[in-house]
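Notes follow the structure.
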Amino acid sequence: EYDKKRIVEARRKAAEGKRKQKTEEEELAGATSEFWARVRRARICIRRMCKQQWWFWLVIILVFLNTCTVAVEHYNQPQWLTFFL
Numbered sequence: 003e004y005d006k007k008r009i010v011e012a013r014r015k016a017a018e019g020k021r022k023q024k025t026e027e028e029e030l031a032g033a034t035s036e037f038w039a040r041v042r043r044a045r046i047c048i049r050r051m052c053k054q055q056w057w058f059w060l061v062i063i064l065v066f067l068n069t070c071t072v073a074v075e076h077y078n079q080p081q082w083l084t085f086f087l
């Protein structure tokens, strides 16, 4: 009996959540729906790009270069090194 009440309560909360989503989606209809469609497409493109092998290596190289430049900086370093970094 207790489990049955919990299940019914969970279903009620899920249905309420779906109703809220529909209401929010209706508010975004119209001019803003085009904006959100573009945002969705941009997110998909960015996600695809970030999963590419070349992106992975680019990030690794940039992290390596950042580590090297931070490691080279030191107290009383020459002016040319400060300018270079």
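In the numbering used here, each residue's number is its place in the sequence shown (first place is 1) plus 2. Where is the CB? At the ideal position from N, CA and C, for every residue including glycine. Small disclaimer: the values here were computed from a predicted structure and weren't measured.
Check your understanding: Using DSSP with H/G/I as helix, E/B as strand and the rest coil, what is residue 3?
Key -> The residue given as residue 3 occupies position 1 in the sequence shown. Looking at residue 3 - three-state DSSP - the assignment turns out to be coil, as it is neither helix nor strand.
Practice item. Taking residue 55 as part of the alpha helix (DSSP H), name the residues at either end of that continuous run. Key: As a position in the sequence shown, residue 55 is number 53, starting the count at 1. Residue 55 -> alpha helix (DSSP H) spans 55-74.
Check your understanding: Assuming residue 51 contacts residue 57 under a Cβ cut-off of 8 Å, what Cβ separation, rounded to an integer in Å, is found between them?
Key -> Translated into the one-based positions of the sequence shown, residue 51 becomes position 49. Translated into the one-based positions of the sequence shown, residue 57 becomes position 55. Right, the Cβ-Cβ distance comes to about 6 Å (below 8 Å), so this counts as a contact.
Practice item. Using three-state DSSP, classify residue 79 as helix, strand or coil. Key: As a working note, residue 79 is residue 77 in the sequence shown. Coil at residue 79, not helix or strand.
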